[in-house]
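Just below is one structure, and these are the notes that go with it.
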Amino acid sequence: MDSSEVKLTSLEIGLFSEIEFEISHQCNMACSYCPNSQYERKEKGKMPLELFEKVLKELKIAGFAGRVSYHFYNEPLLSKDLEIYVKLTKEYLPQSFPYLFTNGTLLTTERFRSLQNAGIIKFHVTKHEAVPKNYVFEKTLLELTEKEKEEYVVYEHHSEIQLSNRAGLLSHIEEIPFEWYPCFIPLHLVVVTVEGNVLPCYDDYTQTLEMGNVKDESIMDIWNSEKYKKFREDLRQKKGREKYSTCKSCSNFKIS
Numbered sequence: 001m002d003s004s005e006v007k008l009t010s011l012e013i014g015l016f017s018e019i020e021f022e023i024s025h026q027c028n029m030a031c032s033y034c035p036n037s038q039y040e041r042k043e044k045g046k047m048p049l050e051l052f053e054k055v056l057k058e059l060k061i062a063g064f065a066g067r068v069s070y071h072f073y074n075e076p077l078l079s080k081d082l083e084i085y086v087k088l089t090k091e092y093l094p095q096s097f098p099y100l101f102t103n104g105t106l107l108t109t110e111r112f113r114s115l116q117n118a119g120i121i122k123f124h125v126t127k128h129e130a131v132p133k134n135y136v137f138e139k140t141l142l143e144l145t146e147k148e149k150e151e152y153v154v155y156e157h158h159s160e161i162q163l164s165n166r167a168g169l170l171s172h173i174e175e176i177p178f179e180w181y182p183c184f185i186p187l188h189l190v191v192v193t194v195e196g197n198v199l200p201c202y203d204d205y206t207q208t209l210e211m212g213n214v215k216d217e218s219i220m221d222i223w224n225s226e227k228y229k230k231f232r233e234d235l236r237q238k239k240g241r242e243k244y245s246t247c248k249s250c251s252n253f254k255i256s
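Residue numbering for the sequence shown follows our numbering, starting at 1 and increasing by one per position.
Now the structure itself:
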């Protein structure tokens, strides 16, 4: 198969459909259900645009047409260069879906329209606990058109979040006694950290499951490595979580 024919949205051919870039480590909140409230990020700083662009070029060759987002445990709107990352995404991957997850505390109407023009196709806003009284996004919502709200906004309250214990880091979040369940998240999602490390799951806050680094290898070579393939296959199996300490303690049982 020619590389230009590969579509990463097809799980049938074994490729991921979502990629999350940690464009910076900063977050302006520390919610009780997030490891940021108890721990410090392993990596700090911002992802160099050159490194981001390198991965986009590799995804272009692979024909990627899936979801691209700009977070791991950070708040993307703290990045003044967010629009640049989004524009580069659309430049290299015109068939992709730039998707913004945000806490909404900095999402003014002006920034909303700026990011909309840059290429964001969906704003997924979560009103987290202990947001400021003058919560910025609620004002923005009043200024958006009904069409904009319908087509571009997913808005949720933190009480609607399906919480996980983040691979056992958050002991106060109740565990679900189904550790024998398989996990399908690694089949379709990839995380790239600030420093270029590739993770198979967004719950791996401590980065114990690093699969490689895009500074040294291409994203596709990492994805197709024997180490990564074995991990995905293990997690697909009943009791596969038991092979990995990070996964064994995790209470995330989402199908997707």
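For every residue, glycine included, the Cβ atom is placed at its ideal position computed from N, Cα and C.
- Per DSSP, Val55 is one residue of the alpha helix (DSSP H) stretching across Leu49 to Ala62.
- Relative to the Cα of Gly45, the nearest Cα in the group Phe64, Ile23 and Lys54 belongs to Ile23.
- C-alpha of Leu88 to C-alpha of Glu233: approximately 33 Å in a straight line.
- Cα atoms of Lys133 and Thr105: separation of roughly 10 Å, rounded to the nearest angstrom.
- Per DSSP, reduced to three states, the secondary structure at Leu189 is strand.
- DSSP places Gly196 outside both helix and strand once states are collapsed to three, so it counts as coil.
- Less than 8 Å separates the beta-carbon of Asp203 from that of Asn252.
- The closest CA to that of Ser171, considering only Tyr70, Cys250 and Val86, is found on Cys250.
- The DSSP assignment places 136-143 and 146-152 as complete runs of the alpha helix (DSSP H) inside the region 115-166, in order along the chain (cut-off: 4 residues).
- With fewer than 16 other Cβ atoms inside 10 Å of its own Cβ, Glu242 counts as exposed.
- In this structure Ile161 is exposed. Its beta-carbon is surrounded by fewer than 16 other beta-carbon atoms within 10 angstroms.
- The three-state secondary structure of Phe112, taken from DSSP, is helix.
- Bounds of the alpha helix (DSSP H) holding Arg232 are Glu226 to Arg236.
- Between His25 and Val214, the gap from beta carbon to beta carbon reaches 8 Å or more.
- For Val86, the uninterrupted alpha helix (DSSP H) run begins and ends at Leu82 to Tyr92, by DSSP.
- Looking at the DSSP output, Phe97 sits in a beta bridge with Arg67.
- Residues Leu107, Thr108, Thr109 and Phe112 of the same chain have their beta carbon placed closer than 7 Å to that of Thr140, with the five preceding and five following residues left out of the count.
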